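A short write-up of the structure that comes next.
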Amino acid sequence: MCIFCEIVNKKAPASIIYEDDLSLVFKNIRPSAPIHLLIIPKKHIGSIDHINPEDELLVGHLLYVAKKVASQENLLGYKLVVNVGKEGGQEIFHLHIHLLSGWNNARDKDII
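Residue 536 is where the sequence shown starts when you use the numbering used here, and the numbers rise one by one after that.
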């Protein structure tokens with residue numbers, strides 16, 4: 536079982552900040568920004584390359600959750616990043632969206 540599935544099933548710890556029937560949002564344990572959250576579907580999908588037509592609404596839901604969490608956390612600006620495949624920088628093979636924010640200085644935002 537992948538680590539994100541273990542988090543979904545409460546078999547691994549995570550600092551969860553949002554949860555609904557379809558998704559989970561938690562803090563990244565290796566942040567690349569002052570605020571670095573991971574938005575995942577509860578359903579295991581390896582990456583964007585593994586999305587099926589029936590996943591279309593779920594993937595849209597993840598983007599809506601990003602907006603909802605950004606508002607909940609009072610973020611004035613943020614970046615959303617999805618790494619696809621090993622060559623694209625993906626390390627955990629469970630679809631996830633990185634929500635990055637919290638910079639004080641414009642130069643710090645150039646991490647991606």
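Heads up, the beta-carbon is just placed ideally off N, CA and C, and yes, glycines get one too. A quick note: this is a predicted structure, and the numbers were derived from the prediction, not measured.
- Of the residues Glu591, Ile583, Leu634, Leu615, the one whose Cα lies closest to the Cα of Lys621 is Ile583.
- Scanning the stretch 557 to 619 for uninterrupted beta strand (DSSP E) segments of 3 residues or longer gives 558 to 562, 570 to 576, 614 to 616, listed from N- to C-terminal end.
- Judged by pairs of C-beta atoms under 8 Å, the stretch 542 to 549 does not touch the stretch 584 to 592, as fewer than three such pairs exist.
- Under the three-state reduction of DSSP, Glu626 is assigned to coil, being neither helix nor strand.
- If you draw a straight line from the Cα of Asp590 to the Cα of Pro569, it comes to about 31 Å.
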